[in-house]
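Working notes for the structure below.
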Ligand SMILES: [Zn+2]
Ligand SMILES: [Zn+2]
């Protein structure tokens, strides 16, 4: 099942998922502290230079699955993007229009590069 995915792709998925999860799961106090740290590092206060903010409605996946139990794994994402049909009924998140993230409002005002 993994042979189509190179190690670097896998690492990319993992890092992306970790970063998104970090933005989702950071408690408000934590994010307040890290905001000051980020700004002192010259990073975006909101997204830490990810330029994306994970959607809290769909936990960054862009999909809501019927049934309520939500299990997010990068491999699941890879599985779906490989063209296979998901057996579970899922529908696009309405909050983020199925993208799983929003553009960071801070970063979208500062166009860099
Ligand atoms: Zn930002
Ligand atoms: Zn969403």
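In our numbering, the protein residues as written are -9 to 103.
Ideal Cβ placement from N, Cα and C applies to all residues, glycine included.
Quick caveat, the model's predicted, so the values are computed rather than measured.
Legend entry - residue 93 - containing beta strand (DSSP E), residue span: For residue 93, the enclosing beta strand (DSSP E) begins and ends at 91 to 93.
Legend entry - Three or more C-beta pairs below 8 Å linking the stretch 83 to 91 and the stretch 49 to 58: By the Cβ test, the stretch 83 to 91 is in contact with the stretch 49 to 58, since at least three Cβ pairs between them sit closer than 8 Å.
Legend entry - heavy atom of ligand 2 below 7 Å from residue 93 C-beta: Remark: the shortest separation between the CB of residue 93 and any heavy atom of ligand 2 does not fall under 7 Å.
Inset, instruction - Identify which residue in 83, -2, 2 and -5 has its Cα closest to the Cα of residue 44. - result: The candidate whose alpha carbon is nearest that of residue 44 is 83.
Inset, instruction - Give the range of the beta strand (DSSP E) segment to which residue 42 is assigned. - result: It spans 42 to 44 - the beta strand (DSSP E) in which residue 42 sits, taken as one unbroken run.
Inset, instruction - Note the first and the last residue of the continuous beta strand (DSSP E) segment covering residue 55. - result: Note, residue 55: beta strand (DSSP E), 53 to 55.
Inset, instruction - Go through the residues and name those whose CB comes closer than 5 Å to any heavy atom of ligand 2, in chain order. - result: Those residues are 45, 47, 48, 83, 85 and 86, given in chain order.
Inset, instruction - Express the C-alpha separation of residue 56 and residue 97 in angstroms, rounding to a whole number. - result: Straight-line Cα distance between these residues: approximately 33 Å.
Legend entry - CA-to-CA distance, residue 40 to residue 29, given in whole angstroms: So the two alpha carbons sit approximately 14 Å from each other.
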